[in-house]
């Protein structure tokens with residue numbers, strides 16, 4: 001069933017995971033206030049940039065919206081008197097630049113709708129909650145057995161995804177999670193194949209995948225219904241927070257987060273790897289593994305949002321693995337994400353950055369060994385293990401699973417072929433983006449090296465050496481010519497010093513007197 005509105009022809013699907021950078025180029029005074037002109041750039045191409053003009057009061061509003069994160073952000077303080085002085089404006093501009101750097105480089109704040117709208121109002125001014133409500137209302141009119149209990153605002157980090165807590169009037173005690181999401185730039189399945197894939201997932205029953213109760217897709221969006229877990233996600237459990245709170249409040253600066261005990265790390269890790277292997281064996285792909293996409297139900301881990309890859313939604317960790325050219329396949333993305341997840345299960349927080357070569361003291365040597373095989377500098381340069389190889393490591397190989405029978409997903413051959421083609425297209429887009437990033441880094445390093453003081457000194461020394469060498473060679477040439485002239489003067493007829501030497505017409509060498 002598909003009831004959602006159709007996509008506008010020619011609509012550009014924006015990748016919200018591409019980082020935005022912002023540089024305050026200058027400021028201008030207008031009567032009683034100062035405006036700051038900011039150059040914003042998406043990705044590494046300077047052609048994909050634009051200007052926005054913001055006042056200090058705009059920064060203050062943005063900061064108020066981000067205070068829920070619990071992090072002390074470096075916004076310069078207000079000043080009522082003397083705020084038009086040139087020196088003060090220059091100092092404030094430096095402070096505001098530091099503030100912009102801190103939020104655009106923070107892995108969670110940079111994806112916040114408040115930050116995106118502040119820097120890119122043309123692409124992020126839509127009221128996504130209102131759009132989602134319109135779509136959900138259309139759905140309820142077509143299927144009146146469902147009823148909205150409450151919108152779950154800011155439950156997830158994705159800007160173009162909205163959540164609602166709903167119930168089935170025929171089962172009033174059961175709670176379900178309805179999500180509405182825009183299709184993404186990695187949507188390579190045809191509409192018909194996408195509907196077939198969603199139908200397959202909706203009817204799927206397996207212990208390691210969270211079931212879908214209902215799904216509907218159009219050319220522009222998808223609506224999904226699945227059981228709601230009152231216990232929340234694995235990340236909620238690690239951070240010890242309430243599932244229904246906003247993600248910035250829950251995850252930016254959790255006060256009580258704690259890693260898991262070794263038995264749980266082993267069990268959950270093995271179950272997650274088995275879920276990935278199950279998808280691969282069925283010809284499917286994932287790419288969205290992280291702690292917020294895992295539900296733990298009676299000791300069994302279940303992956304959520306398995307449909308994300310088919311809907312073309314980019315991975316949450318895409319900004320990280322686009323920097324690493326060895327992560328260029330769907331499976332290597334999942335292995336990289338599994339390394340992040342294993343780190344979070346062990347230390348109670350995700351790694352600050354990758355590669356990771358130093359690990360805090362933990363009593364789990366086997367865990368660190370697996371982490372090093374995925375997150376170390378050597379692994380990121382040389383390649384990572386496969387999911388099957390991870391299952392065979394000492395950390396996971398001896399885990400006893402409740403479901404000993406062989407699990408499988410039966411995918412029709414035509415759909416399996418379409419999924420394979422979509423996966424290859426996804427990998428190709430990733431590899432092209434990595435190639436562009438690699439070229440940009442090489443150019444940046446070359447420009448930085450060329451402009452460094454050390455390189456300037458080296459070029460000056462080299463230029464002096466070349467100058468001395470050239471002068472020495474010129475002296476040698478003059479000396480040689482003089483010697484030749486003195487040796488051949490007796491047989492050569494003299495010429496008048498005041499007259500130019502006539503050009504040779506006989507092929508004989510003409511000489512000039514000394």
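Residue numbers (the UniProt record's numbering): 1 to 514.
For every residue, glycine included, the Cβ atom is placed at its ideal position computed from N, Cα and C.
Test: residue i CB closer than 7 Å to a CB of chain B
i           : result
residue 221 : Among the chains in the structure shown there is no chain B, since it carries only a single protein chain.
Sub-7 Å separation of residue i and residue j beta-carbons
i           : j           : result
residue 27  : residue 89  : yes
residue 390 : residue 273 : yes
residue 20  : residue 42  : yes
residue 309 : residue 285 : yes
residue 60  : residue 159 : no
residue 93  : residue 24  : yes
residue 259 : residue 348 : yes
residue 340 : residue 355 : no
residue 111 : residue 157 : yes
residue 276 : residue 334 : yes
residue 291 : residue 230 : no
residue 222 : residue 100 : no
residue 329 : residue 174 : no
residue 280 : residue 228 : no
residue 51  : residue 39  : yes
residue 210 : residue 84  : no
residue 121 : residue 95  : no
residue 322 : residue 433 : yes
residue 387 : residue 266 : no
residue 416 : residue 246 : no
residue 257 : residue 239 : yes
residue 62  : residue 118 : yes
First and last residue of the uninterrupted beta strand (DSSP E) at residue i
i           : result
residue 21  : 20–30
residue 36  : 33–42
residue 187 : It is not in any beta strand (DSSP E) - residue 187 carries neither H nor E in the DSSP assignment.
residue 293 : No beta strand (DSSP E) contains residue 293, which DSSP labels as neither H nor E.
residue 148 : 146–152
residue 162 : 161–168
residue 303 : 300–303
residue 53  : 49–55
Counted within 10 angstroms of its Cβ, other Cβ atoms place residue i as buried (16 or more) or exposed
i           : result
residue 299 : exposed
residue 509 : At residue 509, the pLDDT of 36 sits below 50, so the modelled position is not reliable and the matter cannot be decided from this model.
residue 331 : buried
residue 237 : buried
residue 192 : exposed
residue 196 : buried
residue 506 : Low per-residue confidence applies at residue 506: pLDDT is 38, beneath 50, and the placement is therefore not dependable enough to give any value.
residue 397 : exposed
residue 405 : exposed
residue 226 : buried
residue 314 : buried
residue 466 : exposed
residue 383 : exposed
residue 320 : buried
residue 462 : exposed
residue 488 : For residue 488, the predicted structure reports a pLDDT of 49, less than 50, and the residue's modelled location is therefore unreliable. A value from the coordinates is still provided. Exposed.
residue 242 : exposed
residue 516 : This structure cannot settle anything about residue 516, because the visible part of the chain is limited to 1 through 514.
residue 33  : exposed
residue 316 : buried
residue 138 : exposed
residue 6   : With a pLDDT of only 43 at residue 6, under 50, the local geometry of the prediction cannot be trusted, and no value is derived from it.
Check: residue i C-beta below 6 Å from any heavy atom of the ligand FAD
i           : result
residue 121 : Here there are no bound small molecules, and the ligand FAD is not part of this structure.
Residue interval of the alpha helix (DSSP H) (run including residue i)
i           : result
residue 98  : 86–104
residue 386 : Taken as a continuous stretch (DSSP letters only), residue 386 belongs to no alpha helix (DSSP H), as it is neither H nor E.
residue 368 : 365–375
residue 271 : 262–281
residue 138 : 128–142
residue 116 : 113–119
*Can we say the stretch 162–175 touches the stretch 400–416, given the rule of at least three CB pairs closer than 8 Å?*
No: fewer than three Cβ pairs fall under 8 Å.
*Does the stretch 70–80 touch the stretch 36–50, meaning 3 or more C-beta pairs lie closer than 8 Å?*
With a cut-off of 8 Å, the stretch 70–80 and the stretch 36–50 do not count as touching, because too few Cβ pairs lie within range.
*Entirely within the stretch 189–253 and at least 4 residues each: give me those alpha helix (DSSP H) ranges in chain order.*
Runs found: 191–202, 234–239 and 247–251.
*What are the uninterrupted segments assigned as beta strand (DSSP E) that are 3 or more residues long and contained completely in the stretch 392–418, given in chain order?*
Qualifying beta strand (DSSP E) stretches: none in this window.
_Assess contact between the stretch 201–213 and the stretch 426–440, defined as three or more Cβ pairs (one per stretch) separated by less than 8 Å. Is contact present?_
Because the criterion of three Cβ pairs below 8 Å is not met, the stretch 201–213 and the stretch 426–440 do not touch.
*Should the stretch 237–255 be regarded as contacting the stretch 353–364, the criterion being three or more beta carbon pairs within less than 8 Å?*
Below 8 Å, too few C-beta pairs join the stretch 237–255 and the stretch 353–364 to call them touching: fewer than three.
*Segment contact, 8 Å Cβ cut-off, at least three pairs: the stretch 169–189 with the stretch 418–434*: With a cut-off of 8 Å, the stretch 418–434 and the stretch 169–189 count as touching, because enough Cβ pairs lie within range.
*Which runs of the beta strand (DSSP E), 3 residues or longer, sit entirely within the stretch 309–343?*
Residue ranges of uninterrupted beta strand (DSSP E) with 3 or more members are absent from the stretch 309–343; none lies entirely inside it.
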